[in-house]
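Engineer:
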Amino acid sequence: MTDSNIKIVCYNPKYAKQTVQMWRDSKEKAIGQKEKHSFENHIYFLNHLLLKDYKIELALTREQVVGFVAFSDHEISQLYVHVDYQGKGIGLALLNKAKESSSGRLILHTFEINLAAQLFYERNGFKIISRGHENEENLPDIKYEWKK
């Protein structure tokens, strides 16, 4: 990472509002679509559904959330970096956390429209294994796989 003020920490619900705001802003920029769910529902999803099935790590700078990753030993569910902090190694640091905790294989989905994400994952060893559009945004997506 190029910014020494960035630290990666385990998720704490005190960062829920910041995390969801950053997530929504980053996703909207990436796919050109507003979030379909209310802010409150998004916080509930983060704290009660996502946190139940995935480990969540945050990238913080001066107590401000600038990125997050939600992952299990075999899947990355979410990886987003604040639009003003992209290209600074934060996404790679978060991705490496998921790789280090993995079983040696990870899958993830990204939207076909998100070319920056495709380049990022492909540069970091992920290979396309399928294409489809089984998501609530009804956008074509790509399923990637990484193997150790």
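Each number in our numbering comes from the position in the sequence shown (counting from 1) with 6 added on.
Note that beta-carbon positions come from the ideal geometry of N, C-alpha and C, so glycine has one too.
Specify the secondary structure class of Leu-145 as computed by DSSP and reduced to three states.
Structural biologist: Coil at Leu-145, not helix or strand.
Engineer: Could you compute how far the alpha carbon of His-23 sits from the alpha carbon of Ile-49?
Structural biologist: The displayed chain sequence assigns Lys, not His, to residue 23. Straight-line Cα distance between these residues: approximately 7 Å.
Engineer: Name the two residues that bound the continuous beta strand (DSSP E) containing Ile-12.
Structural biologist: Unbroken beta strand (DSSP E) run through Ile-12: 12-16.
Engineer: In its own chain, which residues sit with a C-beta less than 7 Å from the C-beta of Gly-131, not counting the 5 before and 5 after it?
Structural biologist: Answer for Gly-131: Trp-152, listed in chain order.
Engineer: Locate the beta strand (DSSP E) running through Val-87, then write down its first and last residues.
Structural biologist: Val-87 -> beta strand (DSSP E) spans 82-87.
Engineer: Should the segment 33-45 be regarded as contacting the segment 65-76, the criterion being three or more beta carbon pairs within less than 8 Å?
Structural biologist: In short, these stretches do not touch, since the Cβ pair count stays below three.
Engineer: Using CA atoms only, rank isn't needed, just tell me which of Arg-137, Lys-94, Ala-99, Gln-92 is closest to Leu-114.
Structural biologist: The residue with the shortest Cα to Cα distance from Leu-114 is Arg-137.
Engineer: Between the C-alpha atoms of Glu-106 and Arg-30, what's the straight-line distance to the nearest angstrom?
Structural biologist: Computed Cα separation, rounded: 26 Å.
Engineer: What separation, rounded to the nearest whole angstrom, lies between the Cα atoms of Met-7 and Ile-96?
Structural biologist: Only weak support is given to the placement of Met-7: the predicted model assigns it a pLDDT of 49, under 50, and the value that follows is read from those uncertain coordinates. So the two alpha carbons sit approximately 6 Å from each other.
Engineer: So, at 8 Å on beta carbons, what are the nonlocal neighbours of Val-26 in its own chain, with the 5 sequence-adjacent residues on each side left out?
Structural biologist: Hits under 8 Å: Phe-45, His-48, Ile-49, Leu-52.
Engineer: Using only alpha-carbon positions, find the residue among Ala-99, Glu-128, Thr-116 that is nearest to Asn-144.
Structural biologist: Ranking the options by Cα distance to Asn-144, first place goes to Thr-116.
Engineer: Return the bridge partner residues of Gly-138 from the DSSP annotation.
Structural biologist: Answer by DSSP bridge pairing, in chain order: Asp-147.
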